[in-house]
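Colleague: So in our numbering, the last spot in the sequence shown is 159, and the numbers never skip.
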Amino acid sequence: MIPSKVTEIRKSAFYKCKKLENVVIRSDSNLQIIENHAFYQTSIKDLLIPSKVTQIEENAFYGCDKLERVKIASDSRLQMIEDNVFSGSSVKILSIPLQTTLIHTNAFNYFFNLQIVEVKNSNDMKSVDLHLFHFTRNTRIFVPAYLHIKKKTED
């Protein structure tokens, strides 16, 4: 269990801890930042991203091929999802929270089992780049009507 008073999970904190299968982050956690490679190639199966997390840095959960479920708190303050955050995981459904304004271009590469992505209405997000889902198969993406869908060839 990650203690509620922890505000950051530092770079490479659990890097390649293959025996790490369960991580409990309570919903009342003060966690704000999950740094790069924090859970890189661990064996975690499900994850709760608590509401106070504002940033998930690159490769934070890269290669977590046993990760099947990611629940982001409905009152999430998550603003930024960096490159390859969940790449190589087994997540099937992902809902991007309202406060998210920036999703880096390669955030969901190699997300082989992803079936549904829902982008919530956001005041500041203006577009979704389809390159986010590079090497992701058979994925349905639900976005608000006002968002511009950028294809790989667009600038």
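Every residue, glycine too, gets a C-beta built ideally from N, C-alpha and C.
1) Measuring CB to CB, does L82 end up less than 7 Å from I48?
2) With burial defined as no fewer than 16 other Cβ atoms inside 10 Å of the residue's Cβ, what is the status of D32: buried or exposed?
3) Between the C-alpha atoms of D159 and T105, what's the straight-line distance to the nearest angstrom?
4) Relative to the alpha-carbon of N26, which residue among Y66, R73, I60, K56 has its alpha-carbon at the smallest distance?
5) Could you say which of H41, I76, T109 lies nearest to D87 if we only look at CA atoms?
6) Check whether the Cβ atoms of V89 and F115 sit closer than 7 Å, and answer yes or no.
7) Anyone know if the C-beta pair for I76 and A111 falls short of 7 Å?
8) For a quick check, are the C-beta atoms of Q35 and V57 less than 7 Å apart?
9) Taking its Cβ as the centre, do 16 or more other Cβ atoms sit within 10 Å of T46, making it buried, or is it exposed?
10) Mind checking which residues open and close the beta strand (DSSP E) that includes S94?
Modeller: This is what the structure holds:
1) no
2) exposed
3) Confidence is the limiting factor: at D159 the pLDDT is only 48, short of 50, which leaves the residue's position unreliable, though a coordinate-based value still follows. The alpha-carbon atoms of D159 and T105 are separated by roughly 18 Å.
4) R73
5) T109
6) no
7) no
8) Checking the displayed sequence, the identity of residue 35 turns out to be Leu instead of Gln. Yes, they are a contact pair.
9) buried
10) Run containing S94: none; DSSP gives neither H nor E here.
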